[in-house]
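Worksheet for the structure shown next.
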Ligand SMILES: [Zn+2]
């Protein structure tokens with residue numbers, strides 16, 4: 178896996194303006210952690226409703242800005258759409274992702290259910306486990322799990338890109 182500079186990461190965002198991308202809060206430990214992660218994801222420490230994901234795609238590095246929707250989880254266990262980890266209700270957040278500004282001046286957004294802490298890489302690679310919940314038995318190898326998570330993230334970014 179490659180490492181990327183802060184400039185490359187800021188340039189990768191597809192659904193915010195250049196000015197907004199410059200102002201994104203990019204913690205140093207995020208930049209340093211690329212090699213051990215499937216994709217980069219972090220929550221703005223100063224504005225915890227704002228999250229960011231950056232992944233390698235066929236078109237190069239692509240990043241998306243997302244907003245966590247307020248509201249409590251249902252209390253039922255829910256699954257992250259990216260890493261397929263089961264969490265108690267509060268461990269999953271509904272996020273809203275703005276699509277890029279289209280030629281027709283038409284804004285819209287899509288939603289996804291993801292790990293509330295955006296730590297999908299850690300869950301996929303077994304560094305983190307949700308408390309008090311049993312995961313479904315899986316027969317995939319760690320490599321296959323990592324590939325699936327990356328695939329899901331790329332799929333999500335692809336859907337954001339589609340106008
Ligand atoms: Zn996840």
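Numbering (our numbering), first residue to last: 178 to 340.
We treat Cβ as the ideally placed atom computed from N, Cα and C, and that holds for glycine.
In the three-state reduction of the DSSP assignment, residue 192 falls in the coil class, being assigned neither a helical nor a strand state. Residue 262 holds the alpha-carbon nearest to the alpha-carbon of residue 290 among 314, 310, 262, 236. In this structure the region 225-241 does not touch the region 299-308; the number of beta carbon pairs closer than 8 Å is below three.
Checking the 7 Å criterion, the Cβ of residue 263 is out of range of every heavy atom belonging to ligand 1. Looking at the DSSP output, residue 218 bridges to 230. Taking residue 337 as the centre and dropping the five residues before and after it, the same chain places the C-beta of 191, 192, 241, 274, 276, 287 closer than 7 Å to its C-beta, in chain order.
The DSSP-derived three-state label of residue 289 is strand. Per the DSSP secondary-structure output, residue 256 pairs in a beta bridge with 263. Of the candidates 212, 186, 272, 254, 272 places its Cα closest to the Cα of residue 225. Close CB contacts of residue 246 within its chain, under the 8 Å cut and outside five residues either way in sequence, are with 270, 271, 272, 273, 288 (chain order).
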